[in-house]
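Peer 1:
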Amino acid sequence: MIGFLIAFVWEMLQLPFYEAGGLTPAQAAYRCGLASFGDAGIMVAAYLVGSIGNSYSPWLVRWPAGRFSAYLATGLVITASVEVLAVGTDWGWTYSDLMPLLPGTHIGLVPMLMWVIVPTATLWLVRRIGVGPKEHLPNN
């Protein structure tokens, strides 16, 4: 739920990087809500991939580098794939002239940055709220 809310804020803020096609504010909020639901689903899938073979649950309490890397990498691969499939299709979306592209690709930089910033912020916030036994949390 936290990831959905953070993603929704990001989705609304990144609207200028996409062609809105004259959407009303309500339509933009609806579309951003759907995108945030997809973002949250990607976060769950990536967390599950990061948890494969993990005997300590939830791993986000300690953030082992390998698990966190698998989490981010999974999300980046899914996000890049979705962007490649969706940009310019009838069911997808179109970038505005403001969207910077990853060098040598047709993939927008903003959605890729999203998949580093939003999921990291989500894990950090969930950790701060308190997940798992408190004796496992570092003193920082």
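Heads up, the final residue of the sequence shown is numbered 204 in this note's numbering, and it's a clean run with no missing numbers.
Backbone N, C-alpha and C fix where the C-beta goes; we use that ideal spot for every residue, glycine too.
Quick caveat, the model's predicted, so the values are computed rather than measured.
1) Sorted by chain position, which residues of the same chain lie with C-beta nearer than 6 Å to residue 113's C-beta, five sequence neighbours on each side aside?
2) To which residues does DSSP link residue 182 through a beta bridge?
3) Quick one: using the 10 Å Cβ neighbour count with 16 as the cut-off for buried, is residue 67 buried or exposed?
4) Could you work out which residue in 92, 97, 103 and 99 is closest to residue 184 when comparing CA atoms only?
5) Quick test of the definition: if touching needs 3 or more C-beta pairs under 8 Å, does the stretch 184 to 194 touch the stretch 150 to 170?
6) Can you list, in chain order, the residues of its chain whose CB lies under 8 Å from that of residue 116, leaving out five sequence neighbours each side?
7) Put residue 114 into one of helix, strand or coil per three-state DSSP.
8) So what does residue 172 bridge to, in DSSP terms?
9) What residues in its chain sit with their C-beta under 6 Å from that of residue 99, if we drop five residues either side in the sequence?
10) So, using beta-carbon positions, are residue 158 and residue 152 closer together than 8 Å?
11) If you follow the alpha helix (DSSP H) that residue 65 is in, where does it begin and where does it stop?
12) How long is the line joining the alpha carbons of residue 73 and residue 186, rounded to whole angstroms?
13) Find out if the Cβ-Cβ distance for the pair residue 81, residue 163 is shorter than 8 Å.
14) Just checking my contact of residue 130 with residue 147 at CB under 8 Å: how many whole Å lie between their CB atoms?
Peer 2: If we stick to the structure as given:
1) What you label residue 113 is simply residue 49 of the sequence shown in a count that begins at 1. Only 134 and 138 meet the Cβ criterion.
2) Walking along the sequence shown from the start, residue 182 turns up at place 118. Bridge partners of residue 182: none, in fact.
3) As a working note, residue 67 is residue 3 in the sequence shown. Classification for residue 67: buried.
4) On the sequence shown, residue 184 is found 120 positions in, with the first residue counted as 1. Here the closest residue by C-alpha is 103.
5) no
6) Counting from one through the sequence shown, the residue named residue 116 turns up at place 52. Taken in chain order, the residues that qualify are 134.
7) Position 50 of the sequence shown, counted from the first residue, corresponds to residue 114. Note: residue 114 maps to helix in three-state DSSP.
8) Taking the sequence shown and counting its residues from 1, the one referred to as residue 172 is at position 108. For residue 172, which the question treats as bridged, DSSP gives the partners 165.
9) For this step, residue 99 is matched to residue 35 along the sequence shown. Answer for residue 99: 75, listed in chain order.
10) The count along the sequence shown starts at 1 and reaches residue 158 at position 94. The count along the sequence shown starts at 1 and reaches residue 152 at position 88. Against a cut-off of 8 Å, the Cβ pair of residue 152 and residue 158 comes out as a contact.
11) Along the sequence shown, read from residue 1 onward, the residue named residue 65 stands at position 1. Segment: none, residue 65 is in no alpha helix (DSSP H) and carries neither H nor E.
12) As a first step, residue 73 must be located in the sequence shown, where it is residue number 9. As a first step, residue 186 must be located in the sequence shown, where it is residue number 122. Cα-Cα distance, rounded: 12 Å.
13) Numbered from 1 along the sequence shown, position 17 holds the residue referred to as residue 81. Numbered from 1 along the sequence shown, position 99 holds the residue referred to as residue 163. Yes. Within cutoff.
14) The sequence position of residue 130 within the sequence shown is 66, counting from 1. The sequence position of residue 147 within the sequence shown is 83, counting from 1. With a Cβ gap of about 26 Å, residue 130 and residue 147 do not count as contacting.
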